[in-house]
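Enquirer: Using the working numbering, the first residue of the sequence shown is number 47, and each one after it goes up by one. C-beta atoms are modelled at their ideal positions from N, C-alpha and C, and glycine is treated no differently. There's a structure below that I have some questions on.
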Amino acid sequence: MKAGIRKKAKEKLKEIPNKLICDALLEQDIFAGVGNIIKNEVLYRVRIHPESLVGKIPKKKINELVEEARNYSFQFLDWKKNYELKKHWLAHTKTQCLRCDLPILKKHTGVKKRRSFFCENCQILHQ
């Protein structure tokens, strides 16, 4: 992601401090191309709970999230082209956390009520 695009994404996130991060990641004017699978995988990888408030997430974590959304989106495309997408999922549709060996929860979150898969133990809830 070009520096200007990353900066713009962070600026747009600052404008919506009371929005849940699970909804913000699906905003196409902020994260073009990010869908529900990418949302779940990015949040798992950066250890952020999907019901975290955007404005409560530390700046360092926001930076990590923006970067991971970009990186994972490109990986997602490559994996999809190679028909190997599902084998790379760490959270989406999973039942066990690979880090904690605890259950992955499945819950319809945010205003869009999309399915979220997350570990309450290692994905921090910022409220």
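1. Going along the chain, which residues of its own chain have a beta-carbon closer than 7 Å to the beta-carbon of Lys-65, five neighbours each way excluded?
2. How should Gly-156 be labelled, buried or exposed, when 16 other C-beta atoms within 10 angstroms of its C-beta is the threshold for buried?
3. Spatial neighbours of Leu-89 within its chain, please: C-beta separation below 6 Å, excluding the five flanking residues on both sides.
4. Using only CA atoms, which one of Asp-147, Lys-153 and His-154 lies nearest to Asn-167?
5. Short check: CB of Leu-131 to CB of Phe-122, under 8 Å?
6. Which residue comes first and which comes last in the beta strand (DSSP E) that contains Ser-162?
7. Hey, Phe-164 and Ala-115: beta-carbon distance below 8 Å or not?
8. Is it true that the segment 135-149 meets the segment 53-68, where meeting means three or more beta-carbon pairs spaced less than 8 Å apart?
Expert: Once the coordinates are examined:
1. The beta carbon of Lys-65 is closer than 7 Å to those of Val-100 in its chain, skipping five residues each way along the sequence.
2. With 16 or more other Cβ atoms within 10 Å, it is buried.
3. These residues qualify, in order along the chain: Pro-96.
4. Closest by alpha carbon: Asp-147.
5. Closer than 8 Å, so yes.
6. Here the beta strand (DSSP E) through Ser-162 covers 160-164.
7. Cβ atoms of Phe-164 and Ala-115: not closer than 8 Å.
8. Contact between the segment 135-149 and the segment 53-68 is absent, because fewer than three Cβ pairs lie under 8 Å.
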